[in-house]
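> A single structure is presented below for examination.
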Amino acid sequence: MGVPARGALAAIVAITAFAVYLNSLSCGFVFDDISAIKDNRDLRPHTPLKNVFYNDFWGTPMHKEQSHKSYRPLCVLTFRWNYLIHQLDPTGYHLLNVILHVGVCLLYFRTCLMFLPDATSFVSSLFFAVHPIHTEAVTGVVGRAETLSSLFYLAALITYTKCCKSKRSTGWKSLILSMFFVFTAMLCKEQGITATAVCVLYEIFVVQKVRARDIFLALKSAFGGNKISPAWSGEGTKRLTALTLVTFSLLILRLHIMGSKLPVFTRFDNPASVATTPTRQLTYNYLAAVNLRLLFLPSDLCCDWTMGTIPLVESFADVRNLATLVTHGAVLGLLVTAVVTRSRQTSVILIMSLAMMILPFLPASNLFFPVGFVIAERVLYAPSMGFCMLIGYGWSILMDKKCKKLVLLLLVTLLAAHTSKTYIRNYDWLDEYSIFMSGLKVNDRNAKLFNNVGHALESQGRFKEALNFFNMAVQVQGDDIGAHINVGRTYNHLKMFKEAEDAYLKAKSLLPKAKPGESYQARIAPNHLNVFVNLANLIAKNATRLEEADLLYRQAISMRADYTQAYINRGDVLIKLNRTKEAQEVYERALFYDSNNPDIYYNLGVVFLEQGKASQALAYLDKALEFDPEHEQALLNSAILLQELGRAELRKVARERLLKLLRKDSNNERVHFNLGMLAMDDHDSGDAERWFRNAVALKEDFRSALFNLALLLADEQRPLEAAPFLNQLVRFHPDHVKGLILLGDIYINNIKDLDAAENCYRRILQLDPTNVQGLHNLCVVMVERGKLNQAAQCLERAAALAPHQDYVQRHLSIVRNRINKESVDDTDVFDDSFWSSNTKDKPFNAETSNGQFLQRKTDSVFANHAAVHNHIGSKQSNTDSLNNHMIHLKGPSKPARAISNVASSDSTTETKDGQQTAKQTVPELSNIVEPTTDRVFDRIISADVTKLNIQTQERGGAKHANPDQFNRSAAAAAAAVVGSKQGIPKQTKDSALS
1 MGVPARGALA AIVAITAFAV YLNSLSCGFV FDDISAIKDN RDLRPHTPLK
51 NVFYNDFWGT PMHKEQSHKS YRPLCVLTFR WNYLIHQLDP TGYHLLNVIL
101 HVGVCLLYFR TCLMFLPDAT SFVSSLFFAV HPIHTEAVTG VVGRAETLSS
151 LFYLAALITY TKCCKSKRST GWKSLILSMF FVFTAMLCKE QGITATAVCV
201 LYEIFVVQKV RARDIFLALK SAFGGNKISP AWSGEGTKRL TALTLVTFSL
251 LILRLHIMGS KLPVFTRFDN PASVATTPTR QLTYNYLAAV NLRLLFLPSD
301 LCCDWTMGTI PLVESFADVR NLATLVTHGA VLGLLVTAVV TRSRQTSVIL
351 IMSLAMMILP FLPASNLFFP VGFVIAERVL YAPSMGFCML IGYGWSILMD
401 KKCKKLVLLL LVTLLAAHTS KTYIRNYDWL DEYSIFMSGL KVNDRNAKLF
451 NNVGHALESQ GRFKEALNFF NMAVQVQGDD IGAHINVGRT YNHLKMFKEA
501 EDAYLKAKSL LPKAKPGESY QARIAPNHLN VFVNLANLIA KNATRLEEAD
551 LLYRQAISMR ADYTQAYINR GDVLIKLNRT KEAQEVYERA LFYDSNNPDI
601 YYNLGVVFLE QGKASQALAY LDKALEFDPE HEQALLNSAI LLQELGRAEL
651 RKVARERLLK LLRKDSNNER VHFNLGMLAM DDHDSGDAER WFRNAVALKE
701 DFRSALFNLA LLLADEQRPL EAAPFLNQLV RFHPDHVKGL ILLGDIYINN
751 IKDLDAAENC YRRILQLDPT NVQGLHNLCV VMVERGKLNQ AAQCLERAAA
801 LAPHQDYVQR HLSIVRNRIN KESVDDTDVF DDSFWSSNTK DKPFNAETSN
851 GQFLQRKTDS VFANHAAVHN HIGSKQSNTD SLNNHMIHLK GPSKPARAIS
901 NVASSDSTTE TKDGQQTAKQ TVPELSNIVE PTTDRVFDRI ISADVTKLNI
951 QTQERGGAKH ANPDQFNRSA AAAAAAVVGS KQGIPKQTKD SALS
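With UniProt numbering applied, the sequence shown corresponds to residues 1 to 994, in that order.
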C-alpha cells in the first residue's frame, strides 16, 4: 500500500493537532495565566510598548531583585495583541495557542522528512501532535512561550539546511535568516538558543557527512599523539564559525539583559538546589529519569511538581538510582549504536533525534544552574520532538518485521490512548479549582497544591473550605511561610482576628534569622515580607494600634527599600494618624520605585482630597487611569469629582466613566447611586429614580440611596411611595435625622398619623436635643392635636434654642393669639423629657409608635390613598397657617443639586458624626439631597497582600515574579472597595514556571 502525498499527510497532522485541543477553547485563565495575563500591565494598550522590552515575562522590571529574569518580549507582544483584540476573553488566547501548536506540528513534520521516510515522519508527527505532555504548553496560555519558541526553533533549523545545499557557497542569506530565527526563538523563550547547537550537529554529521565513529577515532588518535582529522570543507568552517560567534553573542546579550545575576529561588521551589553533595547530584540525575518516564508514560500529569512532590535522593542506596542508571544507560546505548553502526542513515537519525531531545532540555535540567522548579511538563514540549522521532524510527524498524498487523494495531492503540488522554486532560485546565484538584489526585505531598486549591475556594467566597486546605498545606509543609500567611488571611475573612494574628505571627517567626556578615535582604524571600504587611493591616483595624502597624511597615521597608506594597499600606495608616503630609511623602517615595503603579497615583489623589486640593486630586486620579483605564476606584471617584465641578461637559465624562464601571460590574450599587446623582444634576428625575431604585435593590440598607429616592418621590408629589423607603431607611439607620424629619412630615401632611409623626420628632430630639427642626415640628404636632398650651411651651423652647429664627417667633405668636381668642382649657405640660433622658445612644424602638414603624396602620393608610390625595388638594394656602411653615418637602419642584444639602444660598453646612446637616434660615428640606459617606474616597490598601504568595513567573518550569512566591501571588497587591477602608487583594495562584 502506497503512502499518501506529503500534502495529505501534513493536512491530517494539522487537523489532528487542532481537533485534539478543540475543547481547550472553553478553558479560562488558570495558574500562571493570572500573573502573566490578567495582572500584567504590559498587556494593556495604555502601557508604553517599550516596557515589554524592559520587563520580564510577568511584567516585573528585569533589574529588580524579585524579577524572575525570564525575558520573553515577543511572547508578551502576542499576549498584548490578544488583549488589544478581545481584552480578557480567554477564548482568543487559547485559539491562538492551538493555532501555534498546529504550526509547530507542520514544521516538525517538515523537519522529520529531512531524516526519516514519509510514513515514519507522519507517525512521529502524529505522536507529537497528540502527546499528553503538551497539554500544559498548549492549553495553559502561558505555555505559548514554548510553542512560539519551538516554531522559530524549527524554522531556524529548516532555514539552516538551505544554506548547506551548495558545497561551493556558504549561503550567507539563508544563514543570516537562520540566525535571525534563533534570535527570535530566544526572545520567545530562553531555550531557543539551543537551535544553534542542533545546527552545529547537522553541519557536522549531515552536511559534512562525518560519521560518529570518525569523531571517536579522531579523539582517540588525538590522545594517542597521532592527529587524524575528518574531511572538512571550508564553507562548513565558515558556517560553524558564524554559529559559534552568534551563540556567544546571544549568551552575552542575555546575561547583560538579566544584569549578570541569576534569579533567586527558595528551597520550596527546588529543594535539591540547596541540598548538599551528593544529594543534589543524585536528585538532579534522577529528575532526568522522571522526565523521560513522563514522555514514555504520561499517565499521572500534574500542574506543579515543586516542594515535596519528589523526595530528595539522599544516598546511593536509594532504589530510585536504578531508574537513573537505566535512563543514562539507554541514552548511552543509543549513542554507542550511532557510533558503531555501519548505516550512516541510522547514525544520523539517532544523533539528530538525541540532539533534539537532549539539547533543548539542558537549560531546564539543573545541571548547569539551578532553576525555579523541580519538573515542569511544558518544558518538555521541545525535547519531545527528538523523543517522537525515536518513537517513529522504532516503529519503522518493527514494521520491517513479519508482525506488521500487530505493530499497526499497537500504533493505533497508542495513538488513541494518547489522544483521549490529551482531550480529557484539557478539561482539567477549565478553571483553577479543577486544575489544582487534579494535581492533588496524583500528588498529595505538595503544599503549594493545597494552597492553590484554597485560593480557588477563597475566590468563590468559600472561606471555611479554603481554610481546611490551607491547614492541610501547613500539615504537609510545616515551615511553609506562605501557608501560614494564607491561614491568617482566611481567618481574617472569617472575622476571627485573634486566630489571624496568631497565624501571621507564626509565619513571621519562620522567617530566616539574620546572620553576621550577611545581607538580610538577600536572604529573605521578597514575597515573605508580605507577612509584615498583612499583620500590620490586621493590627491597623484597631485605632489604638496604628503606631504598632506603622512600625511593621517600616520594618518591611528597611528590609527591602523598593517594597512598594509596604509604602502603599503605610500611607493609609499615616492618613488615619492625620499625618497626611508624611503620607504624601511615602506615596511619592513609592512612585520612585514603581512609577507605573496606578494604585499609588490613586492614593496620592486621596491624600490631596484629604488636604482639600480637589484639582490636584483629580489630576492624580486621571494619572491612575492613564496607567490603568480599568482602575475601578479611580473611575468611580474621579467621576464623583467631575460631577462636583458642576459643569455639563464634565458630567458627560463622569457618566461615561460610571457606565464603563457598570459594564464591568452591573451589581455595584455605588455606581447606580452616582448615576442617579448625575441624573438629578441634569434635572432628569425619571432616570434618577431608576438608578436610585437599582441601588436600593442591590443594597437594601444603602443609606444615601434610600433617602435620596424618598426625597425625590416626595418632591414629585408622591409621598405615599416615599414612605416605605423612609421606613426602610430608619429601620436600618434609626439615627438618620433628615430621614426622620421627612418621614414625620409625610405622617402629618399625608398619612395623618400624628402618633407616628411625634415618634419621629422625639427620636430626633433624643439624638440631638438642640435640633430646632425636630423640635419645631413636634410643636406642630401639638397644634394639630389642639394642645395649644403644650405647643406654646414647645415653641418657647424652640425660640430659646434659635432666638434669631423669625418663623419660630411668628409661630409662637400665632399660637398665643389662638390661646387668648379660644380660651383654651389645656393644663397639660409639654413633655420635654428628651432633654434629660439618656436614650440618645439607645437603639430606636419601633414599639413606641402607633404608626408605620409598627406596620400596624400600613394597610389602612394605603387603602385611603385617594383620601390622602384629596386632603392634599384641599390643603390650606393661608401663609399664616402654622402647618404651611412646617419643615417638609413642599418646596420648589426643581430637582436638588446632587451634593447640596441646604435649602438656600445663605445656609451653612456642618458635619456631625459623618453626616451633613444644615443650619437653615428657611425651614425647608426641599433641596436637601444627601451625599453621605458613600461618597468617601478610600485609599487602596493591601488588606491581605499575602495573597501575593505566588506571583509566578516562569523559570524553566516554575514561575515567580518574586523569587520566593510559592503559595500564590497577586500581581496587583490589592484593590479597595469605595466606601470601605478594607482592601480586596487581587489574587493569583501559586505558580509553576518554565
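We put the beta carbon where it would ideally sit given N, CA and C, even for glycine.
1. Using the C-alpha atoms, what's the distance from Trp172 back to Val30?
2. If you draw a straight line from the alpha carbon of Asp56 to that of Arg690, how long is it in whole angstroms?
3. Please name the residue, chosen from Arg41, Leu743, Leu775 and Thr120, that lies closest to Gly394 on a Cα-to-Cα basis.
4. In whole angstroms, what separates the C-alpha of Leu778 from that of Val653?
5. So, under 8 Å CB-CB, Leu430 and Gly28 are touching, yes? Tell me the CB distance rounded to an integer number of Å.
6. For His86 and Gly92, what's the separation of their Cα atoms in angstroms?
7. Would DSSP call Pro45 helix, strand or coil?
8. Given Tyr108, which residues of its chain have a CB within under 7 Å of its CB, disregarding the five upstream and five downstream residues?
9. Let me confirm a value: Ser638 is counted as buried when at least 16 other C-beta atoms fall within 10 Å, else exposed. Which label applies?
10. Taking Ala536 as part of the alpha helix (DSSP H), name the residues at either end of that continuous run.
11. Measuring alpha carbon to alpha carbon, tell me which residue in Pro298, Arg41, Val290 and Leu297 is nearest Ile310.
12. In terms of alpha-carbon separation, which member of Arg818, Ser459 and Leu795 lies closest to Thr770?
13. Starting from Ile133, follow the alpha helix (DSSP H) in both directions and report where the run begins and ends.
14. Determine the direct distance from the alpha carbon of Val52 to that of Gln475, and round the result to whole angstroms.
15. Leaving out the 5 sequence neighbours to the left and right, which residues in its chain are closer than 8 Å to Thr879 when beta-carbon positions are compared?
16. With 16 other CB atoms within 10 Å as the buried threshold, where does Pro278 fall?
17. Would you report the Cα separation of Lys506 and Lys581, rounded to the nearest angstrom?
18. Hey, out of Lys752, Leu740 and Val407, whose CA is closest to Tyr761's CA?
19. What does a CB cutoff of less than 6 Å around Arg320 pick up in its chain, not counting 5 residues either side in sequence?
20. Are there three or more Cβ pairs, one per stretch, closer than 8 Å when the region 445-462 is compared with the region 57-66?
21. Could you tell me the alpha carbon to alpha carbon distance between Lys660 and Leu77, rounded to whole angstroms?
22. Return the CA-CA distance between Leu604 and Asp304, expressed in angstroms with no decimal places.
23. Should Ser149 be labelled buried (16 or more other beta-carbon atoms within 10 Å of its own) or exposed?
24. If I follow the unbroken alpha helix (DSSP H) through Gln773, where does it start and stop?
25. Quick one: which unbroken alpha helix (DSSP H) runs of 4-plus residues sit fully inside the region 634-682? Chain order, please.
26. Rounded C-beta distance between Ala197 and Ala185? I'm assuming under 8 Å.
27. Assuming the contact rule is C-beta atoms closer than 8 Å, Tyr423 and Thr147 should be a hit. Round their C-beta distance to whole Å, please.
28. Helix, strand or coil, according to DSSP, for Pro271 in the structure here?
29. Drop a sphere of 10 angstroms on the beta-carbon of Ala11, count the other beta-carbons inside from all chains shown, and report buried for 16 or more, exposed for fewer.
30. Check whether the Cβ atoms of Tyr567 and Ala590 lie closer than 8 Å to each other.
31. Is it the case that the region 487-506 contacts the region 444-452, given that we only count it when at least three CB pairs across the two stretches are under 8 Å?
32. Do Ile391 and Phe115 have their C-beta atoms closer together than 8 Å?
33. Does DSSP classify Pro61 as helix, strand or coil?
34. By the DSSP assignment, the alpha helix (DSSP H) with Asp622 in it spans what residues?
35. Could you tell me which residues DSSP puts in a beta bridge with Asn55?
36. How far does the alpha helix (DSSP H) with Leu552 in it reach, from first residue to last?
The short version:
1. 44 Å
2. Asp56 and Arg690: Cα-Cα distance of roughly 47 Å.
3. Thr120
4. 45 Å
5. 7 Å
6. 7 Å
7. coil
8. Ser125, Phe128, Leu154 and Met385
9. buried
10. Asn530 to Ile539
11. Of all alpha-carbon atoms in Pro298, Arg41, Val290 and Leu297, the one lying nearest the alpha-carbon of Ile310 is that of Val290.
12. For the set Arg818, Ser459 and Leu795, the Cα lying nearest the Cα of Thr770 is the one of Leu795.
13. First-last for Ile133: undefined, no H or E at that position.
14. Between Gln475 and Val52, the C-alpha separation is close to 40 Å.
15. A caution first: Thr879 carries a pLDDT of 28, below 50, which makes its placement in the model unreliable, though a value can still be read off. Closer than 8 Å at the Cβ level, and outside the excluded window around Thr879, lies no residue.
16. Under this definition Pro278 is an exposed residue.
17. 34 Å
18. Ranking Lys752, Leu740 and Val407 by Cα distance to Tyr761 puts Leu740 first.
19. Tyr286 and Val313
20. no
21. Spanning the two alpha carbons is a distance of roughly 26 Å.
22. 40 Å
23. That one is buried.
24. Val772 to Glu784
25. 648-664 and 669-681
26. Going by Cβ atoms, the distance from Ala197 to Ala185 rounds to 12 Å, so no, they are not a contact pair.
27. The Cβ separation is near 18 Å, so there is no contact.
28. In the structure shown, Pro271 falls within a helical segment according to DSSP collapsed to helix, strand and coil.
29. The residue is exposed, with fewer than 16 neighbouring Cβ atoms inside 10 Å.
30. Yes. Within cutoff.
31. no
32. no
33. strand
34. Ala614 to Phe627
35. Pro61
36. Leu546 to Met559
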